[in-house]
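Note sheet for the following structure.
Residue numbers (this note's numbering): 1 to 173.
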């Protein structure tokens, strides 16, 4: 059984993952409205992935007989100044999630909750991948600048990333 501290912290992480999903959804809508269909598909996929991260925590909590309440999700910003601004927003969000995961890992160790510590290791690895992906895209954006043909090619590249299916994770993964 989870300690009340760990249970509360996991519930907060559920809300944070839900907010990240909503933020990606807002960006997907903005990208669609700006004509970036490949980038839009990429962000719709990312939104689904963040939702799956949220569900993975919920399933873990249920498997641990912890109380689960569906949290209110903080409304994301839907205002973006540019294509670049979207990715700066994403990087800040991913870094926030990473900090939260690290705090959860620390709490699990403090509480001697080795099962939760083990469970969270998947998230530690996932956040390394998430931040690297965003930083790689931002490096390309730095090179491209505001060149329309460069943004067009990046939009096409993101469409290929969006084509990979998002498999629903389980708490056991």
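Positions of the beta carbon are idealized from the N, C-alpha and C atoms, including for glycine.
Only a predicted model underlies this, so the values are computations on that prediction, with no experimental measurement involved.
Applying the criterion that 16 or more other CB atoms from any shown protein chain within 10 Å of the CB defines a buried residue, is residue i buried or exposed?
i           : result
residue 146 : exposed
residue 24  : buried
residue 176 : With the chain covering 1 to 173 only, the question about residue 176 has no answer from this structure.
residue 58  : buried
residue 139 : exposed
residue 162 : buried
residue 26  : buried
Compute every distance between the C-beta of residue i and the non-hydrogen atoms of the ligand ZN, then say whether any falls below 7 Å.
i          : result
residue 74 : Annotation note on the ligand ZN: not contained in the displayed structure, which lists no ligands.
What number of angstroms, rounded off, separates the C-alpha of residue i from the C-alpha of residue j?
i           : j           : result
residue 135 : residue 111 : 33 Å
residue 71  : residue 90  : 22 Å
residue 36  : residue 158 : 10 Å
residue 69  : residue 16  : 14 Å
residue 80  : residue 6   : 35 Å
residue 98  : residue 51  : 16 Å
residue 30  : residue 125 : 29 Å
Mind reading off the beta-carbon distance from residue i to residue j? Whole number of angstroms is fine, and I expect it under 8 Å.
i           : j           : result
residue 18  : residue 54  : 5 Å
residue 94  : residue 127 : 7 Å
residue 13  : residue 100 : 6 Å
residue 22  : residue 44  : That pair is no contact at about 12 Å.
residue 117 : residue 108 : 4 Å
residue 61  : residue 10  : 6 Å
Among the candidates the options, whose CA atom is the shortest distance from the CA of residue i?
i           : options           : result
residue 66  : 1, 139, 133       : 1
residue 8   : 156, 164, 104     : 104
residue 84  : 121, 11, 20, 137  : 137
residue 132 : 106, 148, 92, 153 : 92
residue 119 : 106, 129, 38      : 106
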